[in-house]
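Protein sequences, first through last, are from chains A and B. With my numbering applied, the first sequence corresponds to residues 287 to 1135, in that order. With my numbering applied, the second sequence corresponds to residues 287 to 1135, in that order. Positions of the beta carbon are idealized from the N, C-alpha and C atoms, including for glycine.
Number of protein chains: 2
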Amino acid sequence: MQKHDLISDFSEVTPSAKIATMTHGWRAKCLQRLVRLDLPVPRTVALPAETVRAIAAGRPLDCDGVLACFGKRPLVSVRPSPQDPDWGGPSTVLNIGMNAERHAELVKTQGQTAADALYLRFVQRYAISVARLDPDMFDIAEPSAEALRNALRVYRDEMEEDFPENPAQQLAEVLRSVARAWEGTSARLLRQSKGAPADAPLGLVVQEMAQGFGQGISGSGTIQFIDPVTGLPQVTGRFLGQSQGSDIKARGADALYLTRDPRGPSLEDIAPEIFARLAQQGAACRAKLRDEMQIEFTIDDSKLAVIDAVRVPRSSRAGLRIAVDLARDEIITHQEAVLRVEPRALSELLHPQVDPRGPRDVIVRGIGASPGAATGRIVFTSAAAQASAARGEQCILVRRETAPEDIRGMHSAVGVLTERGGMTSHAAVIGRGLGLPCIVGATDLNFDTKELRIVTKSGRTLVAGDLITVDGTTGEVLAGSVEMLPPALDDAFRTLLSWADDARDIGIRANADTPSDAQTARDFNAQGIGLCRTEHMFFEEARLVAMREMIFADTASDRAAALARILPMQRNDFVQLFEIMQGLPVCIRLFDPPLHEFLPHSRDGLRELAEALDRPLSEVTRRAEALAEFNPMLGMRGVRLGIVLPEIYDMQAQAIFEAVVEVGRRGGSITPEIMIPLVSAKREVELVKNRIDAVAAKVRTAKGSDFDFKLGVMVETPRAALRAGDIAQHAAFLSFGTNDLTQMTYGLSRDDAGRFMNIYVQQGVYPEDPFHILDVDGVGELLLIGAERGRQARPGLTLSICGEHGGSPESIAFCRKAGFDYVSCSPYRVPLARLAAAHLALMDRFGHN
Amino acid sequence: MQKHDLISDFSEVTPSAKIATMTHGWRAKCLQRLVRLDLPVPRTVALPAETVRAIAAGRPLDCDGVLACFGKRPLVSVRPSPQDPDWGGPSTVLNIGMNAERHAELVKTQGQTAADALYLRFVQRYAISVARLDPDMFDIAEPSAEALRNALRVYRDEMEEDFPENPAQQLAEVLRSVARAWEGTSARLLRQSKGAPADAPLGLVVQEMAQGFGQGISGSGTIQFIDPVTGLPQVTGRFLGQSQGSDIKARGADALYLTRDPRGPSLEDIAPEIFARLAQQGAACRAKLRDEMQIEFTIDDSKLAVIDAVRVPRSSRAGLRIAVDLARDEIITHQEAVLRVEPRALSELLHPQVDPRGPRDVIVRGIGASPGAATGRIVFTSAAAQASAARGEQCILVRRETAPEDIRGMHSAVGVLTERGGMTSHAAVIGRGLGLPCIVGATDLNFDTKELRIVTKSGRTLVAGDLITVDGTTGEVLAGSVEMLPPALDDAFRTLLSWADDARDIGIRANADTPSDAQTARDFNAQGIGLCRTEHMFFEEARLVAMREMIFADTASDRAAALARILPMQRNDFVQLFEIMQGLPVCIRLFDPPLHEFLPHSRDGLRELAEALDRPLSEVTRRAEALAEFNPMLGMRGVRLGIVLPEIYDMQAQAIFEAVVEVGRRGGSITPEIMIPLVSAKREVELVKNRIDAVAAKVRTAKGSDFDFKLGVMVETPRAALRAGDIAQHAAFLSFGTNDLTQMTYGLSRDDAGRFMNIYVQQGVYPEDPFHILDVDGVGELLLIGAERGRQARPGLTLSICGEHGGSPESIAFCRKAGFDYVSCSPYRVPLARLAAAHLALMDRFGHN
């Protein structure tokens, strides 16, 4: 073989070498940075991906040339260097270069035991990974001269040749084996599962061994300077004498602590000077690599070598604190800190916890797989979970175990409980991803699938609809609802979001129907309420009776009389909301649901109603039946009720205006926004506007007090989007209700879509559930058409979206591009939305979009 | 008063006078045409509208100048001449110029009786219309010298002055009175009700009297040359000796027939020469005035005078025949004939009749107010009628009487029956307008509004849901359904439509689900079937059982097995349709409705089903409940079923293809069009296409026979319209289903809209029910977007609409402008659509659009 046929494209890692992540991988680049920091990194050679590919294809590397970089007779390791540390790669191979001659030398310098251990480790690894011999034959518990001889003999017997003595040949074989392993099917599938492209490149580094065996203080360890769960400063890690590589994993019990520790001896005790240097090097790494690093180090006879440094693996909470602390230390900018925290990671931090001081009626225990606690009614299927969510009811999805087809059900649930599975089960992984409290492996649950109920080992029975609380932090399933503590939203959290707000250029409001929602919105710094649904207010007992009287009234004045009884309660609703929101805008959607939702559905309920109304049961039944609808979603609701039975909106407007006056008298100030639902024609807005203006005039006169308000339209029908130019003539704002708009654009009832949505997404009919991710192509176009026509007709028109899409980063990106003024989302999504919006603004500014 | 203050803007009606309908009104213009035809029209002066306005405002006319046109001492009449004959106007005033002197002369020339009659008539009329005296005082049964003296005395007593003797003064007063009457409130309301603008102008004509009284053959009459009901040639009219003006109405019993008649003496008998001249003049009128005219004539001592000619009032049927006959006689062109028939008038001609040979069980009799017969189930409210129509059930709307708010109910009904009212009642007028069989004034019906039933005088009880037949031709209400005769579609009808087809430039197809529909479509020369809904085919007993087995099957192969039993029946459905359509295109929509429509809803039905399926009732009930949907319109139907349970479409495609092969073997040829319903995403089309292509390949192989087919998409969701560019990549045609598209664009269920649609239309929220008249602004825009994007992606794409809008002239105009290939409508609307489309093409060509 001619010298010029050998690949010679490799570089020694020096401060000035041309080494990039794209070509040489993250590890090579990281090592170069450490070198530049003057850390005691053993000499290293980086092989770019092109070289590795050529090796895999069978071309030989100039291994003599590589080894020459290290001086005379080095021992070296080979480590993978893919572009992203998460993409994995073949295991590290240590001690390449060991042979009989070198062994004999090491016996002299390091002693027999260390020499035997190093040589044996290499023979084992080489035999298994390179020669592909049966690992069982090399399974040796304790290194010894005997074990080494034995291993060399087994190798010779199996391979019918001696163990290779030539270091260059050893290196060549290791590199070839490692390069080919990267191209194997299982390695490819593994890295693809972590987001790598199928043809992801692999760089390799060849590094001089720091052995960790021998005289004096020798060994290997890792050190990091923060708690990976909380992100608070704390030195953690272990050191194991007479060890190298992954020995510490196998023999962790023998390892030393790093800092002084009552539980046992520490590196700080036995080598305070080395420990001090490590701490100093850690600080340098953090400052220069601009992140919290975990440092892998080896000590050879008290000589410290830094082998590697990787980003500390961290929880979401720790990630946030690290970013904030780095920015506070002026290592990174506020903007970088904002960009370092994934918006979706925030949801993990937001969930409430069971109050430890309250009573706990534990039904069953499992594994707390995703933190936080939630209370809801039991559902046994994903479809039921979706139906429940569609009705606005919180539910806990209880399954034997979950599978991919349950994802939409999990999205719809507030918590998940499974009989089977562990911390890495589907339910656990997805639960954490969604920030959804989750308990798995609750093996004391006994599913009676036929009867759709659960009988616990202790004999308690649970059926669908029962109220339970899952505490995903402790793994306890509690009966009923329990006292909760709000999520711990610490100083770092608030600081990061305030920096996000500095960068953000689109408003974030919250959907809030109740004072408690409003308080959450306020706590999360929402810039107002974007959608206050008023219908729930009519379901309280006292109001429901009046509502039913209103429904059965025969004349406008009887209807008005029934509604007059609701007026003071409704006014009080609004006073509360306005006071909590302290002058921030509150957008109130007028009454929306069909009236039959307020009637009893059982015969007994109807009989009671007939008694209450003092009318014949037959009449009550007949009129209730007459109100039933084939397609309630498309029926007599929203503004249609407002036109046909205008007394309802009259009452609501009066309640809003009187609340404004009342809050004003107490020193508050509010300009309420009144939103008309389900509009499909301009004239609907005109008619409602005329009546509301009249109510406003009446309240102004009666109260002798002036106030302003804005009237706008919820754009939920495709026609309203198309006719936005007309509609905007009477509307100060348009808010796109993407839930209903999606239903109508697709001709798809959310309540009924559960039955086939999984199949649709699996078969790629829809790329994603359009109720979960905004359909940019269809619904999105209607948003753009509506926005453009609305603004053209009325340049100052305020545009927004409300509904469940409001908080997702994708929707925020869409609305921001479309020039919307704000998005409104559920209160708990507000922090996520604030951060996502900041990301978008910053990425735009830095040209990353 | 100075002469130059007098208005002198009037013209004698000569062939060259400047007289136009716009300025002088239709009567002046018509008289000029008669003059030009050299007909013996008495000398006439026309007053333009400006002059009449000035007179009403109080300026005096140069009446001496007017009278001077007629030579010495004329008697004249004053008649109204508005722009349109339908706009009415003040009654004619005859014999102006009569006074004592003239009376004395006439006694000598015409005899005492005639002279007294003429003078008395004028005095009466003048006293009542001009002097505004009490008509009772002038109510004289028989003219006589005594009566005349009496009238003159009463006038003098009441007015405290003598009856005016000066003809110019008489004329001035009459003109002033007539001009002012036109501006009165009641006259204005009356003409506005007939479509006139509030400020419609009035011309007047002053015409020399042909008296109709006196020696020899004297009298007045009218003649026309066609039967106003059938349009067939037939001289009709009457002649009354010694009469003028409207005398014939009061003394019709004494009138002569015109042609020889066994019932009594005729003008032809007593004055054959005059009759011959009249006939000749009639023919001249028809040829020159280019229409069938009714001629008003007077005979003075055997001297014929033509007083006036108006278009013969006519039925729709007669109007059509007249137009065709005029064109056949080359008096007008084919195109003019086409334009003379209003498309909506055709529907009157299309209705079936009760077969007189069949048995008739008459429940009650009323007035046959709108011809044709129809069978349906009784509904008592418009809302019920609309709900019934939405379910596809024919209904008869039965009301005490109808009011404007019932119009939509009448649209939805196939017939109307009212207890009250006559030929001009609301129900009768609207019924005729809609071509809807209608019986009014069925006073033997006794409404029991509380119990919602009817008890007839003869003691029979009718409740909602009972099947009855209304025979709007005879006025009989029959029990149940009866044998019907198809509508008489005569030669004139077919000829006119063939001329329409010559002009038409957009295709017309029919929606046809059954062989009988298809036959009707074929009879009406539809150019194919634009929408064949296949679901009804699954409701037949034998198929329903298999369908239910399919629904309850647990595996794809069990489903396929159940469907295999339906296959031969379904194939036979298509064979029949293809054979009837003889090679014309047939567009078959794949299965669309939700599966729960095929399940029983009662507990008994479920029990029977459980027995039939040999499964526990609890399971059948549970699965039936699981199939129920919140919003079936937006649920698991259409292509969603096709994706989730692909075996259904597989079976249908196989049936279609096998039918094509079978028809081919019998010598027929057909390229079926297969249409996928409820599409919202391109991938849906792709998936269905893949399977249908596979079925086609399988059938080709199995049958050893090749065939073509087209696959297309029914655009019913707003998203499909927006994404038409994508979808067209897999679709050879797009057909817009405007029913569902309207529902989704408005977010409005047609089944549920009845409750408030009337209020909405009354309040102008929607200009019209969008399910009745296509919403051009909203739904129409989606049609345009879909059409444009579809054609852009696929230039040869066939575009159409199907659904109930398809047949309306407005929708055809819209689709034609948008470049659609065809519209598809219900079979009975096809003639109307063909004619409407021809009108549009012709109006475009003649620049009238």
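Inside the stretch 354–397 of chain A only - beta strand (DSSP E) runs reaching at least 3 residues: 362–368, 379–382
Environment of A:S479 [buried if 16+ CB atoms lie within 10 Å]: exposed
Alpha-carbon to alpha-carbon, B:V598 and B:S302: 27 angstroms
Residues near A:M287 in its chain [Cβ-Cβ closer than 6 angstroms; skip 5 each side]: Low confidence applies to A:M287: its pLDDT is 45, below 50, so where it sits in the model is not reliable, and the reading given next is rough at best. Closer than 6 angstroms at the Cβ level, and outside the excluded window around A:M287, lies no residue.
Outcome for A:G652 when other beta-carbon atoms lying within 10 angstroms are tallied against a minimum of 16: buried
Residue-chain proximity (B:I664, chain A), Cβ-Cβ < 8 angstroms: no
Per DSSP, cross-strand counterpart(s) of B:E959: B:C873, B:K996
Residues sharing a beta bridge with B:K589, DSSP: B:D586
Assumed close pair A:L380, A:S367 - CB separation to whole angstroms, cut-off 8 angstroms: That belief does not hold up - the Cβ atoms of A:L380 and A:S367 are roughly 16 angstroms apart, past 8 angstroms.
Beta-ladder partner(s) of B:N732, from DSSP: B:V741
Other residues of its chain near B:P1117: CB distance less than 7 angstroms, five sequence neighbours each side excluded: L632, L636, L783, F810
C-beta atoms of A:A569 and A:F499 nearer than 8 angstroms: no
Test item: CB-CB of B:Q1049 and A:I962 under 8 angstroms: no
Residues that DSSP places opposite A:V756 in a beta bridge: A:A660, A:V763
Selection from A:V592, A:A591, A:V596, A:E628 that minimises the alpha carbon distance to A:A609: A:E628
For A:T330, three-class secondary structure by DSSP: strand
Validate contact between the stretch 1091–1105 of chain A and the stretch 1123–1133 of chain A using beta carbons, cut 8 angstroms, 3 pairs: yes
Per-residue DSSP class, three states only, for B:Y1108: strand
Close Cβ partners of B:P773 (< 8 angstroms) along its chain, the five nearest in sequence each way excluded: L635, L636, H637, P638, Q639, G658
Rounded C-alpha distance that separates A:G644 from A:S767: 11 angstroms
Simplified DSSP state of B:S668, which is helix, strand or coil: helix
Supposed contact pair B:L731 and B:I740 - C-beta distance, whole angstroms, cut 8 angstroms: 5 angstroms
DSSP three-state assignment for B:Y1141, whether helix, strand or coil: Residue 1141 of chain B lies beyond the range of chain B shown here (287 to 1135); nothing can be said about it.
Neighbour flag for B:M287 against chain A, beta carbons, 8 angstroms: Note on B:M287: pLDDT 46, under 50, position unreliable in the model; the coordinate value appears next. So no, B:M287 is outside the interface.
Status (buried if at least 16 other CB within 10 Å, exposed otherwise) for A:Q318: buried
Reduced DSSP secondary structure (H/G/I, E/B, other) of A:I618: coil
Any chain B beta carbon closer than 8 angstroms to A:V768: no
Per DSSP, the bridge partner or partners of B:G509: What sits at residue 509 of chain B in the sequence shown is Ile, not Gly. BP columns for B:I509 point to B:G523, B:I581.
Contact check, B:A941 vs B:Q856, beta carbons under 8 angstroms: yes
Element boundaries [alpha helix (DSSP H), containing A:Q493]: First-last for A:Q493: 488–494, but that is the beta strand (DSSP E), not the alpha helix (DSSP H).
Span separating the alpha-carbon of A:F995 from that of A:D878: 20 angstroms
The beta strand (DSSP E) enclosing A:R819, as first and last residue numbers: 815–819
Three CB pairs or more closer than 8 angstroms across the stretch 1072–1079 of chain B and the stretch 997–1012 of chain A: no
Contacting residues, own chain, Cβ-Cβ under 8 angstroms from B:N1135 (five flanking each side not counted): Only weak support exists for where B:N1135 lies, its pLDDT of 44 falling under 50; the value from the coordinates is given anyway. Excluding sequence neighbours, B:N1135 sits near L1126, M1129.
Identity of the residues DSSP links to A:V515 by a beta bridge: A:V515 pairs with nothing; no bridge assigned.
Beta-ladder partner(s) of B:I725, from DSSP: B:G654, B:L703
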